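The structure under discussion appears below in the form of structure tokens.
There are 2 protein chains.
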Amino acid sequence: MTMTESNRMRNGVDVTTLFATLDAVKAQPEAAQFQFRVKNRWVSGTHSMGTISSFYGVGTEQARDKSFVVEADHPEVLVGNDKAPTPAEHLLAALAACLTAGIGNISAARGVELTEVESTIEGDIDLNGILGLSDEVRNGFDNIRVNFKIRGNAPEEKLREIVEQSRARSAVFDVLTNGTNVSVSADATSA
Amino acid sequence: MTMTESNRMRNGVDVTTLFATLDAVKAQPEAAQFQFRVKNRWVSGTHSMGTISSFYGVGTEQARDKSFVVEADHPEVLVGNDKAPTPAEHLLAALAACLTAGIGNISAARGVELTEVESTIEGDIDLNGILGLSDEVRNGFDNIRVNFKIRGNAPEEKLREIVEQSRARSAVFDVLTNGTNVSVSADATSA
Chain A
1 MTMTESNRMR NGVDVTTLFA TLDAVKAQPE AAQFQFRVKN RWVSGTHSMG TISSFYGVGT
61 EQARDKSFVV EADHPEVLVG NDKAPTPAEH LLAALAACLT AGIGNISAAR GVELTEVEST
121 IEGDIDLNGI LGLSDEVRNG FDNIRVNFKI RGNAPEEKLR EIVEQSRARS AVFDVLTNGT
181 NVSVSADATS A
Chain B
192 MTMTESNRMR NGVDVTTLFA TLDAVKAQPE AAQFQFRVKN RWVSGTHSMG TISSFYGVGT
252 EQARDKSFVV EADHPEVLVG NDKAPTPAEH LLAALAACLT AGIGNISAAR GVELTEVEST
312 IEGDIDLNGI LGLSDEVRNG FDNIRVNFKI RGNAPEEKLR EIVEQSRARS AVFDVLTNGT
372 NVSVSADATS A
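First to last, the sequence lines map onto chains A and B. Under the working numbering, residues 1 to 191 are what the first sequence spells out, in order. Under the working numbering, residues 192 to 382 are what the second sequence spells out, in order.
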């Protein structure tokens, strides 16, 4: 089969490259070992700046030609200066973005043209936990709800299946629902 | 005790307000019920934009006078256009920022002046999971490592205790290690 340029791209996804990538990883599973990294620098109070650039994957260091900066702070009501979203909001943003990227890719692979994908994410948190005022309250979100609005040239059921498949294969959803191993160490010097 | 301006602020944290906030929540624990939100809009392929503005807390809607935008994409090696960090990198950035904000606040509360806080976060992920090529590989990070460099006017042991207390009271660390409830729903219409 010869693909023309018009059916090679769908939803902004190069479908030929998508399937070629899947075939390449099938042939060489170790290419899928990735390491992502962030460097964070404290600025003042609750304000910090994360820098994201290189990562490891496909058997080699992957140097980006740029760095991304992600800032975080607390709002004034939580004793910050509201320079940037809270870390908890960044966590919700990561979840939305992961599910949405999956919807873009999966739709493209299944031949569905999307016209609109929007989502609203809400997370409920009782700050008596992080404030150390109750040992019965957890530190993090009790519940997170994600609601998608999805429009495309497929029956409702097929669009729902795309959202479900994205959920079933989301890296961020997995970590947020199942947890993972996190180690924290410190190089501390009096200065 | 009368506090002067110079000992009221420490590490950019208004210590008087920090303790007043703790006292206020002690007196009225329901003030600590918060809801954070993100709205996400798919742009193209794996690229999406999250918007963060209002939240609920201290018994009322909290309208910010601005919106923050958080973009995400995949790099080219993962069939994206590298317009922004990956969702997985945003997750690591959220963790670093949460632990760092905690270090800022806890140091201020304990009378420690910080001179430098930096951290490096690494997350290992085998993409055979999200690519659907192995049912034995999880979708998310297998391991995340956070290493802090912390400098301040306290003995090493006290600086280490501050990092440990931040870990013990971090909202993002809790969710990433213990998991939480996440529901995903979809309003799907053929269009």
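Cβ coordinates follow ideal geometry from the N, Cα and C atoms, glycine included. Please read these numbers as outputs of a predicted model, since none were measured by experiment.
- Inclusion of A284 of chain B and H74 of chain A in the CB contact set at 8 Å is not warranted, their separation being larger than that value.
- Against chain B, a Cβ distance below 9 Å from R8 of chain A picks out nothing, because the smallest value is about 12 Å.
- About 7 Å separates the Cβ atoms of A32 of chain A and L322 of chain B, confirming a contact at the 8 Å cut-off.
- Annotation for V268 of chain B: no alpha helix (DSSP H) segment contains it, and DSSP assigns it neither H nor E.
- The C-beta of P85 of chain A has 16 or more other C-beta atoms within 10 Å across all chains shown, which makes the residue buried.
- The beta-bridge partner set that DSSP reports for V69 of chain A consists of A:T51.
- For N334 of chain B, DSSP records a beta bridge to A:N181 and B:D315.
- When the beta-carbon positions are compared, I335 of chain B and L367 of chain B come within less than 8 Å of each other.
- Contact of Q253 of chain B with chain A is assigned, a C-beta pair being separated by under 8 Å.
- Judged by DSSP secondary structure, E61 of chain A falls within the beta strand (DSSP E) whose first and last residues are T60 to Q62.
- In the three-state DSSP reduction, E304 of chain B falls in the coil class, being neither helix nor strand.
- Of all alpha-carbon atoms in A:S185, A:L114 and A:A88, the one lying nearest the alpha-carbon of E156 of chain A is that of A:L114.
- Listed in chain order, the positions of the region 323-337 of chain B with a beta carbon within less than 9 Å of a beta carbon of chain A are G323, L324, S325, V328, R329, N330, G331, F332, D333, N334, I335, R336 and V337.
- Here A186 of chain A carries a strand assignment [DSSP, helix/strand/coil].
- Using a Cβ distance threshold of 8 Å, V79 of chain A and N372 of chain B do not count as a contacting pair.
- If you look at S166 of chain A, you'll find it isn't in any beta strand (DSSP E); it sits in the alpha helix (DSSP H) that goes E156 to A168.
- Residue state for N11 of chain A is assigned as coil, using DSSP reduced to three classes.
- Spanning the alpha carbons of A63 of chain A and F34 of chain A requires a straight line of approximately 13 Å.
- A72 of chain A places its beta carbon less than 8 Å from that of A288 of chain B.
- CA-CA distance, V112 of chain A to R10 of chain A, rounds to 8 Å.
- In terms of beta-carbon proximity, R358 of chain B lines the interface with chain A, with at least one pair separated by less than 8 Å.
- Counting along the chain, the unbroken beta strand (DSSP E) around S44 of chain A starts and ends at Q33 to S44.
- At a Cβ-Cβ threshold of 8 Å, V328 of chain B and V77 of chain A do not count as neighbours.
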